[in-house]
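Undergrad: Heads up: the protein sequence lines correspond to chains A and B, in order. My numbering puts the first residue of the first sequence at 6, with every later residue one more than the last. My numbering puts the first residue of the second sequence at 203, with every later residue one more than the last. C-beta atoms are modelled at their ideal positions from N, C-alpha and C, and glycine is treated no differently.
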Amino acid sequence: MISLVTLKLQQLTLRPDGLSGGHGLCAGCAESVVVRQVVFALENPAVVSLATGCLEVATTRFPDTAWRVPVIHSAFENAASTASGIEAAYKALVRKARIEPRKFTIVVFAGDGATYDIGLQWLSGALERGHRFVYICLNNEGYMNTGIQRSGATFAGTWTTTTPAGRAVHGKPQWRKDLTAIVAAHGIPYVAQAAVHNWKDLLAKVRRAEAATGPSFVNVLAPCNRGWRHEPEETMAISRLAVETGFWPLYEVVDGAWRLTGASRKSKPVTDYFKAQGRFRHLLAPGAEKQVDEIQARVDAEWQALIARCAAFKPPPLEGGGLGAGDSKVPPPSNSLLPEAGVSGEGVTDGSE
Amino acid sequence: MTIAKVAAYARNSAHESASRWIPKPRGCKGMATRTRPAPNVVASTPIALNGGEAVAYALRQIEPEIVAAYPITPQTLIIEKFAEYFADGLVRTEFIAVESEHAALSACIGASAAGARAVTATAGPGLALMFEMLGVTSGMRLPVVMHLCTRALSAPLNILGDHSDAMAMRETGWVMMSGASPQEAYDQAIVAHVIAENSAVRLPFANLIDGFAVTHAVERVDVLPDHAVKGFVGEYNPERSLLDLERPVTFGSMDTRDDYFEHKRQQQAALKAAGPVAMHALNRFAEVSGRRYDLVECYRLNDAEIGLVVMGSLDGQVRVAVDAARESGIKAGALRIRLLRPFPAPLVIAALSHLTVVGVLDRAIGFGSAGNPLYAEVAASLYHQPARPGLKSFVYGLGGRPTGHGSLMSAISELESIRTAGRTEPTTTYLGLKQ
Ligand SMILES: Cc1ncc(C[n+]2csc(CCOP(=O)(O)OP(=O)(O)O)c2C)c(N)n1
Ligand code: SF4
Ligand SMILES: [Mg+2]
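#1: Count the other C-beta atoms from every protein chain shown that fall within 10 angstroms of the C-beta of T361 (chain A), then say buried if there are 16 or more, exposed otherwise.
#2: Tell me whether E334 (chain B), by its Cβ, gets closer than 7 Å to a heavy atom of ligand 1.
#3: Between the segment 243-250 of chain B and the segment 325-332 of chain B, are three or more C-beta pairs nearer than 8 Å?
#4: Should P604 (chain B) be labelled buried (16 or more other beta-carbon atoms within 10 Å of its own) or exposed?
#5: In whole angstroms, what is the alpha-carbon distance linking L537 (chain B) and I141 (chain A)?
#6: Using the beta-carbon of each residue, which ones in chain A are nearer than 7 Å to T452 (chain B)?
#7: If we call anything under 8 Å between Cβ atoms a contact, is A258 (chain B) one with I274 (chain B)?
#8: Which residue marks the beginning of the beta strand (DSSP E) containing V416 (chain B), and which one marks its end?
#9: F487 (chain B) by DSSP, collapsed to three states: which one?
#10: Which residue from A:I187, A:F160, A:R181 and A:T168 puts its Cα closest to that of Q126 (chain A)?
#11: I want to verify the contact list: residues of chain B whose CB lies under 8 Å from the CB of Q364 (chain A), in sequence order.
#12: Which residues in chain A have a C-beta closer than 7 Å to the C-beta of T295 (chain B)? List them in chain order.
#13: E36 (chain A): beta carbon under 7 Å from a heavy atom of ligand 1?
#14: What's the gap between the Cα of V43 (chain A) and the Cα of K182 (chain A)?
#15: Between B:T417, B:G375 and B:E373, which has its C-alpha nearest Y388 (chain B)'s C-alpha?
#16: According to DSSP, is V562 (chain B) part of a helix, a strand, or is it coil?
#17: Applying the criterion that 16 or more other CB atoms from any shown protein chain within 10 Å of the CB defines a buried residue, is Q179 (chain A) buried or exposed?
#18: Is it the case that the Cβ atoms of A325 (chain B) and I268 (chain B) are separated by a distance below 8 Å?
#19: For G317 (chain B), would you say it is in contact with chain A, using Cβ-to-Cβ distances shorter than 8 Å as the test?
#20: Compare the C-beta of N83 (chain A) against all C-beta atoms of chain B and say whether one is closer than 8 Å.
#21: Express the C-alpha separation of I614 (chain B) and L633 (chain B) in angstroms, rounding to a whole number.
#22: Where does Q301 (chain A) fall in DSSP's three states?
#23: Applying the 10 Å Cβ sphere with the 16-neighbour rule, what's the burial state of K177 (chain A)?
#24: S129 (chain A): which of A:G261, A:T70 and A:H191 sits nearest, CA to CA?
#25: Residues of chain D with CB closer than 9 Å to the CB of R107 (chain A), please, in chain order.
#26: Any idea what DSSP makes of P440 (chain B), helix, strand or coil?
#27: Looking at the structure shown, is R262 (chain B) part of a helix, part of a strand, or coil, going by DSSP?
#28: So N230 (chain A) is in the beta strand (DSSP E); what residue range does that whole segment cover?
#29: Whose Cβ in chain A lies nearer than 9 Å to the Cβ of N518 (chain B)?
#30: Anything in chain A within Cβ reach of A313 (chain B), meaning under 7 Å, just list it in chain order.
#31: Would you call F569 (chain B) buried or exposed, if buried means 16 or more other Cβ atoms sit within 10 Å of its Cβ?
#32: Distance, Cα to Cα, E146 (chain A) vs G157 (chain A)?
#33: Relative to the C-alpha of L17 (chain A), which candidate in A:A293, A:S269, A:A209 and A:R234 has its C-alpha closest?
#34: Determine the chain A residues that contact I298 (chain B) at a beta-carbon separation under 8 Å, and present them in chain order.
#35: If the cut is a Cβ gap below 7 Å, which residues of chain B does V297 (chain A) touch?
#36: At a CB-CB cut-off below 9 Å, which residues of chain A make contact with E437 (chain B)?
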């Protein structure tokens, strides 16, 4: 086991790689980066349940596979149920002494479409039943595999092929749903938001998700340069901007306690984010100011609400009372990879390289 | 870096020549051999069970690793009874009470790919909700077993029995076997795993149990001792498993136009192979249980001139009607289809070719089709025969409508008048329909 405390980028390269090269994801796609980091981060070997989407079609084209770990793709909406079947099968096979006990971690990789929209029921059911798996939502804010359509994760005002920037309607009219909070409301032991550029934060969260004794969920922002309309080499910078502008705060919910993780901060206006991507171009045109102001106001309000939510959970007192570390089903956040955040998130570095 | 090559998991060498079904199909004479000596028969114990409980009883004995299901009438009897076994610690099974039928079959798919024996049960609308996953299960060659308590499809909402669900399932690549009594529901629940997991088949299996008529009918069921059932089904040992961490495998690949066609052709060969495999499994089961079943069940067909074809629990009443017709001098007979998929065409040909007129009883409408479902199967089977009977289509019993003796006698007299008139019309008669 490699301790995360001492984990260095160089050491990561020595970890088993879940994915080989030669897959068909676009250059600059964040999805393969997230997958490899997740598999790097796991202490145990992975068994993967995939939802239909870019990752699946680009990595499992018969007769080839880019996967170096066992993988099953069943359909678009049901990766969580498939994972629950694997978990239950393992338990029963061991109980019946049909196989030797072994250490492995079931990981689901599913897009935002598969998670926020079509698969929400399957996810919710599996979370409620408490199957142990790490669910990674590869969130690129749209149905990219089918040609950049809007999803429940798509931000208000975003251009997609089903929410075009027309003369009457300027991109997606609706606000996105707060899926991370919806998942947290299931009361599962570990829930987090992460982003692809901040590998240290992501790795630490995956480790903690893996250590949880029940289902865990990490919603990872994963820019899609095809759909977001930016250059492939800008993926990490865009991801960082999403955090810096408050579009994508980084936080975790450990046994119900909310806390910002170190790299969360909101220091830039939303227009910085819009300027970097073609999908928001129409919002920079004259006449769109009101729409932009409304978006800024709501981003600000959500940021304040998140800070308040996190502030409500003070760090546990050293002795007795409240949410003591001893009650936690997840190891306490003692990890040096997670720089301690002030509630405002000021003055900390994100771990991106 | 190189891309790892994966072995095709869907290979099989089965072929589909009709001669593999039975050594030589010769009418019904060779088939109805219920008196064969069976030296290894294990004594069964008679108990009173309804069809749902009979299936649950078999599941307790089989002890699959996974039972994943969602409640729907008339299937609830099965999962409630099984939940009791689970709660009493009588099974080592993981019972997953999922949030929908789609999730039930999805969990079975994950479990089966992980090397477990996986079972689900549903009915009508639940099957409709599963539809996407039916093809995924068969396409991935996973021997999941489903107990389908046949029920009408909505709308209008109707919780009662007919075969609309089963008939809609026919093209999804599952082995489908229909029983006519709680005893058969129990016996087929046991044989199902042996057929599905056979290395030449490796396909999912649906045990069709008529909603209410069988699921809720309490009858004497002769149950085998637990050890005999466990011995008969053995353990499921797939070639590849998701839990084999040393030999990672990718299940559920994407196919381009380069391979999809070939995979579907292999799947067809595997499903065709399930016919002979099913016959062999039923014969083996007869040796253990003393209860002999055929893929089609013939009744008084050898010297018959007209015949009725039926699937499921109406068979008993059809036989009563055949007897009554015989008493009035009409040479009637009946054929029950046990194996719906693969459709046992060689056996149907052998059983029916010599008749003058055959009426096919469908408990489903083939909306807008050239023939109602079972009728179309029988017609296609007989088409290439140089001499074949005239065919007549009947629809009965939709949405739980009872089919009485009078309806069946009127069907027989319609067949008899077609026979004497010497010509058939491609029309459907709806038995028991209010005028
Ligand atoms: C039942 C069903 N409906 C629709 C589709 C078509 N479909 C395949 S992938 C996809 C979008 C995937 O979006 P997402 O989950 O966000 O993954 P991404 O491709 O963006 O990574 C859609 C709509 C499907 N395969 N199955
Ligand atoms: S379309 Fe977007 S999500 Fe899909 S492979 Fe390309 S960059 Fe990745
Ligand atoms: Mg997406």
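TA: Result, derived from the coordinates:
#1: Any property of residue 361 (chain A) remains undetermined from this structure, which presents chain A solely from 6 to 358.
#2: Yes, the Cβ of E334 (chain B) comes within 7 Å of a heavy atom of ligand 1.
#3: Short answer: they don't touch.
#4: By the neighbour-count criterion, in which a residue is buried when 16 or more other Cβ atoms sit within 10 angstroms of its Cβ, P604 (chain B) is exposed.
#5: Each residue's Cα considered, the two are about 54 Å apart.
#6: At a C-beta separation below 7 Å, T452 (chain B) has these neighbours in chain A: T65, T70, W72 and V76.
#7: Going by C-beta atoms, A258 (chain B) is not nearer than 8 Å to I274 (chain B).
#8: It is not in any beta strand (DSSP E) - V416 (chain B) carries neither H nor E in the DSSP assignment.
#9: If DSSP states are grouped into helix, strand and coil, F487 (chain B) belongs with the helices.
#10: Per the Cα distances, A:I187.
#11: The structure shown does not extend to residue 364 (chain A), since chain A spans only 6 to 358, so no value can be given for it.
#12: By Cβ distance, chain A contributes A97.
#13: In this structure, E36 (chain A) has its CB closer than 7 Å to one or more heavy atoms of ligand 1.
#14: Put simply, the backbone Cα of V43 (chain A) is about 25 Å away from that of K182 (chain A).
#15: Relative to the Cα of Y388 (chain B), the nearest Cα in the group B:T417, B:G375 and B:E373 belongs to B:T417.
#16: If DSSP states are grouped into helix, strand and coil, V562 (chain B) belongs with the strands.
#17: The Cβ neighbour count for Q179 (chain A), taken over all protein chains shown within 10 Å, is under 16; the residue is labelled exposed.
#18: No, they are not a contact pair.
#19: For G317 (chain B), the answer is yes, since a Cβ of chain A falls inside 8 Å of its Cβ.
#20: At least one chain B Cβ lies under 8 Å of N83 (chain A).
#21: The straight-line gap separating the alpha-carbon atoms of L633 (chain B) and I614 (chain B) is approximately 11 Å.
#22: DSSP places Q301 (chain A) in helix when its eight states are reduced to three.
#23: Answer is buried; the Cβ neighbour count reaches 16.
#24: Among A:G261, A:T70 and A:H191, the Cα nearest to that of S129 (chain A) belongs to A:H191.
#25: The displayed structure is made up of protein chains A and B, and chain D is not among them.
#26: The answer is coil: DSSP assigns P440 (chain B) none of H, G, I, E or B.
#27: Here R262 (chain B) sits in helix by DSSP.
#28: In this chain, N230 (chain A) is not harboured by any beta strand (DSSP E); it is covered by the alpha helix (DSSP H) spanning N230 to W233.
#29: Before going further, note that residue 518 (chain B) is Gly rather than Asn in the sequence given. The contacting residues do not exist; G518 (chain B) stays about 38 Å from chain A at best.
#30: Near A313 (chain B) (Cβ distances below 7 Å), the residues of chain A are G90, I91, A93 and A94.
#31: Exposed is the call here.
#32: The alpha-carbon atoms of E146 (chain A) and G157 (chain A) are separated by roughly 8 Å.
#33: Nearest option by C-alpha distance: A:A209.
#34: Ordered by position in chain A, the residues that pass the 8 Å Cβ test against I298 (chain B) are S89, G90, A93 and R134.
#35: Going along chain B, no residue has its Cβ under 7 Å from V297 (chain A), so there is no contact; the nearest lies around 40 Å.
#36: What E437 (chain B) touches in chain A: K101 and R103.
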